[in-house]
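One structure is given below, encoded as structure tokens.
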Amino acid sequence: MNNTIIYLIGHYGVGKLTIARAIAEATRARVFDNHLANNVVFSLIREDGKAPIPAQAWELIMAIRRQALIAMAEIAPPDASFILTNALMEDDPMDHTAFAEVVAVAQQRNATFVPVLLTASDAAHDARIPSADREARLKMTDASGARSVRTKRRILGVRHPNRFDLDTTDIAPEVAARLIIEHAEHLA
Numbered sequence: 000m001n002n003t004i005i006y007l008i009g010h011y012g013v014g015k016l017t018i019a020r021a022i023a024e025a026t027r028a029r030v031f032d033n034h035l036a037n038n039v040v041f042s043l044i045r046e047d048g049k050a051p052i053p054a055q056a057w058e059l060i061m062a063i064r065r066q067a068l069i070a071m072a073e074i075a076p077p078d079a080s081f082i083l084t085n086a087l088m089e090d091d092p093m094d095h096t097a098f099a100e101v102v103a104v105a106q107q108r109n110a111t112f113v114p115v116l117l118t119a120s121d122a123a124h125d126a127r128i129p130s131a132d133r134e135a136r137l138k139m140t141d142a143s144g145a146r147s148v149r150t151k152r153r154i155l156g157v158r159h160p161n162r163f164d165l166d167t168t169d170i171a172p173e174v175a176a177r178l179i180i181e182h183a184e185h186l187a
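In this text, residue positions in the sequence shown follow numbering that gives the first Met the number 0: the first is 0, and each later residue adds one.
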């Protein structure tokens with residue numbers, strides 16, 4: 000898999016980072032998990048995964064993400080592939096912008112772009128959210144809060160010809176990774 004950008008999008012606890020790591024292991028693609036940018040700010044404001052995050056924090060995080068996208072577009076080797084992760088919400092204009100910026104980087108790199116919408120059952124989400132690994136990575140760990148977000152806020156309605164939808168409820172991350180890689184390779 001060369002010069003491909005896979006964008007894993009889904010609610011908290013759907014398995015974005017776990018699947019991204021499995022894809023990276025199988026392909027040597029580079030992972031840009033949204034928490035690489037988020038945690039620069041979250042670690043300074045002592046984000047606990049439960050309390051609301053101040054609006055100003057998101058503006059700072061967007062600035063960090065933009066720098067990473069510039070590195071992908073202008074500095075990374077032309078054949079490098081990337082896997083990005085994020086919980087992009089339909090009702091958030093900043094999330095629409097974040098998605099458009101990744102599409103623009105893929106176009107600038109002339110890369111194969113693969114947006115992947117990940118879903119899972121409520122039970123799967125509830126089981127995954129309260130984990131020590133999520134807490135250590137400053138991620139949402141409140142299962143009831145995450146369920147509230149899932150019921151009140153829809154994931155970004157991505158309209159792209161390369162879109163791939165995948166329910167992660169009953170499949171292992173390695174299987175999910177293989178299905179996504181196969182889809183990306185078919186597109187390339």
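Even for Gly, the Cβ is constructed at its ideal location relative to N, Cα and C.
Residue state for Asn33 is assigned as helix, using DSSP reduced to three classes. Relative to Ala19, the option among Val174, His185 and Ala187 whose CA is nearest is Val174. Using a 10 angstroms sphere on the CB of Gly9, the tally of other CB atoms reaches 16 or more, which defines it as buried. Around the C-beta of Ile74, fewer than 16 other C-beta atoms lie within 10 Å, and the residue is accordingly described as exposed. Per DSSP, the continuous beta strand (DSSP E) segment holding Pro114 begins and ends at Thr111 to Thr118. Across the structure, Leu59 and Glu100 are spaced so that their CA atoms are roughly 16 Å apart.
In this model, Asp132 and Arg149 are separated by some 21 Å (Cα to Cα).
By the criterion of a C-beta distance shorter than 8 Å, Arg65 is surrounded in its chain by Glu100, once the five residues flanking it on both sides are discounted.
Contact between the segment 106 to 115 and the segment 35 to 45 is not established, with fewer than three Cβ pairs separated by less than 8 Å. Taking C-alpha positions only, His159 is separated from Ala28 by approximately 22 Å.
With 16 or more other CB atoms across the displayed protein chains lying within 10 angstroms of its CB, Ser80 is buried. DSSP, read as helix, strand or coil, puts Asn1 in coil.
For Thr17, the enclosing alpha helix (DSSP H) has its first and last residue at Lys15 to Thr26. By the Cβ neighbour-count rule, Leu68 is buried, with 16 or more other Cβ atoms within 10 Å of its own. If you draw a straight line from the Cα of Glu134 to the Cα of Ser143, it comes to about 15 Å.
Below 8 Å, enough C-beta pairs join the segment 10 to 17 and the segment 118 to 131 to call them touching: three or more. Met88 is bridged by DSSP to Ile154. Asp164 carries a strand assignment under DSSP once its states are collapsed to helix, strand and coil. Excluding the 5 residues flanking it on each side, Arg153 has same chain C-beta neighbours closer than 6 Å at Glu89, in chain order. Within the model, the alpha-carbon separation for Val157 versus Phe98 is close to 9 Å.
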